[in-house]
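Notes to accompany the following structure.
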Amino acid sequence: MRRDPWRARRSSAHPAGGGREFARLPSPPLPAFSVAILPSRSSSVKGFRRHAHRGRNGLLFAGGDPEPRKQDERPPAGGHSSRYRGRDALGKTWAARRGAVAPAAARRTVREGTRPAPGPPVASGPALRIESRAAVALAAVPRLLRARAGRRGWEEAGVARRNGAAREDLNLNNIVARQFDRAARHVKLPAGLLEQIKACNNVIHIQFPVKIGKEYRIFHGWRAEHSHHRKPLKGGIRYSRMVDQDEIMALAALMTFKCAIANVPFGGSKGGIRLRSRNYPPEVLERITRRFTAELIRKNFIGPGENVPAPDYGTGEREMAWIADTYDAFHPGQLDNMACVTGKPVTQGGIRGRTAATGRGVVYGLREFFRTPRDVARAGLDGGLEGKRIAIQGFGNVGYHAARILQEEDGAKIVAVGEWDGTVYDPNGLNIKALARHRKKTGSIRRFPGAKTLEKGTDCLEVDCDILIPAALENQITLENAHRIKARLVAEAANGPTTPGAEEVLLKRGVFIIPDIYLNAGGVTVSYFEWTKNISHMRYGRLEKKLDEELRKSFVAAIESLVGKKMRPGMRQPLVRGMGEEDLVNSGLEETMITAYQEISEVMRRKRTVHDMRTAAYILAIEKVGQSYLELGIFP
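Numbering (this note's numbering), first residue to last: 340 to 975.
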């Protein structure tokens, strides 16, 4: 069994009858919970607090909370209240003999870099207690998930769901590895080459300080480079309290396979910083972003020809502009500096259509599904998207644009939208633009006029609908709720929203799943277009738009001359308008999604033993990456 580096180590020098001995944990990173072994009540509070500020040396002590307590906040006389005690779902206090370890969920919960808050000693005797409000929430998942998620958003809900209420392994890195292994059995490549394709080539963990006010805060960031079979590497940077090395490595692997499926000539990468962006003002976020970028530059983990980040969860074009400016400051005079990152504002070298790209890619993937009669029949559906009842989890960049386009361009009926604070449901269909305005005005989707508000954001997964689009975080459809999914088609707009156990349940019920490594490839596809735009220093459509307009006008004039009647202005204008940058981007994205779907379908026809689209997509990606290695060779 692999040794857990977070394990509290027992000291052999600990005296049996008295004195003070503290559990030592490796640092960095600092865990959000704090532990102490205090052999007797004689240990003074004063002495405890004197040592409680030595967290940077790796010594962590009982009483530390995920957030510092106020000055006037004191525990009750005679001991801790339940607020300061780690309890499981049954209300029992976690207590282990010296040398025991904290529950795995608590060990995985890590703070952003704040100093452990001082607190009184724990109970007498050789006992180890876990003191953490975060641990309480993690342990009491069934009881507290709704309340915690309602106050702190998708992040805490995601942390809780990682524990697996149905005893699933919800580690995303392990899930991706199992999905890879399942597909690799159908691929005729040398075993050693398959191991190379599966492995993450490089991963860097950066601990860096940022001065905030008069204090220094330590932040933890990661950047993983999964595969170098194509250069540069491509992948987003996310800001989340859930970020850890396993998650970053898994997402980097998904980027490799996603790029291969979409025929985008990049390797896979991913990065992230463990923080909650809403806790910091923009000027502090800018310092954090620029400092992290500087560390990536020093270690050659960013560059137009090396590694090109993009927006992800918790980041956007604002952060990408900061990254581009920082890189440019470190490399003055280089021509292609703005190609070091994609997802920038259009005024800073970005591309029109990038913001809606992932959501629009989801729509194009769904359209191609309904153009494939065999898949439509397997899902038990018929017709097209018009009139289909759709539920969407997540109303961020991906979910909003997917819902808007499906409603406006395809005539679909969006019956439910789930967010971190609840779900709004209307069987007659929601007005997506009105819902977006309501959220902007009130800060929440709850109490949307004319719709029923459900308590949990996950309730949208279980409403009666034809198509379910999870567009939030990973591990949302699990063994615990898979049997309650009523949709006939699950379209994975998020990364890893369905666990392997849940997928098995759904497939046995005849539910068709369009996998994430295909369906949310729209973002990286348009990022590729932006990168080529920055390399060429030429806006799409600049050379041909006017010529295209003149040709269209001539064609319309010829038709009017033949029929002897002028077209109405409303009909004529769309026909004579030339193709601009966004039109060309959307056209290229649609072609990419159509081609990729057809290639995956061809794998399913070729491999008679493959009956699900995810395995077929992995097979396609592995074959493409393997072909690259075989043709280029390995040097030296």
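Each residue gets a CB set at the ideal place from its N, CA and C atoms; glycine is no exception.
Worksheet item: Residue ranges of each beta strand (DSSP E) run of no fewer than 3 residues wholly in the region 605-686, ordered along the chain?
Response: 606-613 and 646-650
Practice prompt. Taking 7 Å as the cut-off, decide whether the C-beta atoms of Ile856 and Ala696 are in contact.
Written response: no
Worksheet item: If Ala523 and Leu533 are in contact, beta carbons under 8 Å, what's the gap, nearest whole angstrom?
Response: 5 Å
Practice prompt. Could you tell me how far apart the beta carbons of Ala633 and Thr665 are, in whole angstroms, since I believe they sit closer than 8 Å?
Written response: 6 Å
Worksheet item: Beta-carbon separation of Thr838 and Glu507 under 7 Å?
Response: yes
Fill in: Collapsed DSSP secondary structure at Val844 in the structure displayed
helix
Worksheet item: Who are the near neighbours of Gly789 in its chain, counting only those whose CB is closer than 8 Å to its CB and skipping five residues on each side?
Response: Asp765
Discussion item. I'd like the list of long-range same chain contacts for Val942, defined as Cβ closer than 6 Å, with 5 residues on each side in sequence excluded.
Written reply: Ala955, Ile958 and Leu959
Worksheet item: How is the beta strand (DSSP E) around Gln732 delimited, first residue to last?
Response: Arg728 to Gln732
Discussion item. Here's the rule: buried if 16 or more other CB atoms are within 10 angstroms of the residue's CB, otherwise exposed. What is Ala832?
Written reply: buried
Fill in: Strand pairing of Asn541, partner residues [DSSP]
Glu564
Worksheet item: Just how far apart, CA to CA, sit Ile961 and Leu890?
Response: 44 Å
Discussion item. Let me check understanding here. Comparing Cα to Cα, which of Gly611, Ile600, Arg580 and Asp887 lies closest to Leu590?
Written reply: Gly611
Worksheet item: In this structure, what does DSSP give as the bridge partners for Trp761?
Response: Correcting the residue identity first, residue 761 is Gly in this sequence and not Trp. Partner(s): Glu758.
Worksheet entry | Cβ separation of Gly965 and Leu528, assumed to be a contact under 8 Å, to the nearest whole Å | 5 Å
Worksheet item: Quick one, which of Asp721, Gln732 and Leu914 has its alpha-carbon nearest Ala755's?
Response: Gln732
Discussion item. Just to check my reading of the structure: Thr931 and Thr864 have Cβ atoms closer than 8 Å, yes? What is that Cβ distance to the nearest angstrom?
Written reply: 5 Å
Worksheet item: So Glu801 and Ile824 are in contact, right, with Cβ under 8 Å, and what is the actual spacing, rounded?
Response: 7 Å
Worksheet item: What separation, rounded to the nearest whole angstrom, lies between the Cα atoms of Tyr1006 and Trp759?
Response: Nothing in the structure corresponds to residue 1006, since the chain is present only between 340 and 975.
Worksheet item: Going straight from the alpha carbon of Gly575 to that of Gly735, what length do you get?
Response: 16 Å
Worksheet entry | Whole-number beta carbon distance between Leu845 and Ile852, since they are thought to touch under 8 Å | 6 Å
Practice prompt. Using three-state DSSP, classify Ser783 as helix, strand or coil.
Written response: coil
Worksheet item: Using CA coordinates, which residue listed in Gly704, Ile806, Glu920 and Gly688 is at the minimum distance from Gly880?
Response: Glu920
Worksheet item: If you count every other CB in all the chains shown that lies within 10 Å of the CB of Gln687, and 16 or more means buried, which is it?
Response: exposed
Worksheet item: What does a CB cutoff of less than 6 Å around Arg778 pick up in its chain, not counting 5 residues either side in sequence?
Response: Ile784
Discussion item. In whole angstroms, give me the CA-to-CA distance for Asn767 and Gly750.
Written reply: 13 Å
Worksheet entry | Buried or exposed by the 16-neighbour rule on C-beta atoms within 10 Å, applied to Met677 | buried
Worksheet item: Can you tell me whether Ser608 is buried or exposed, with buried defined as 16 or more other CB within 10 angstroms of its CB?
Response: buried
Discussion item. Going by beta-carbon coordinates alone, are Asp651 and Arg577 separated by less than 7 Å?
Written reply: yes
Discussion item. Using a Cβ-Cβ cutoff of less than 8 Å, which residues in the same chain neighbour Tyr968 once the five nearest sequence positions on both sides are dropped?
Written reply: Leu532, Gln535, Ile536 and His568
Item to complete: In angstroms with no decimal places, state the Cα-to-Cα distance between Ile514 and Thr595.
Response: 16 Å
Discussion item. Tell me the DSSP secondary structure of Gly861 in three-state form.
Written reply: helix
Item to complete: Would you decide whether Met952 is buried or exposed? Buried here means 16 or more other CB atoms lie within 10 Å of its CB.
Response: buried
Worksheet item: What separation, rounded to the nearest whole angstrom, lies between the Cα atoms of Gln673 and Asp667?
Response: 8 Å
Worksheet item: Out of curiosity, what's the CA-to-CA distance linking Gly689 and Tyr867?
Response: 11 Å
Discussion item. Taking a contact to mean a Cβ-Cβ separation below 7 Å, would you say Glu813 touches Asn834 in this structure?
Written reply: yes
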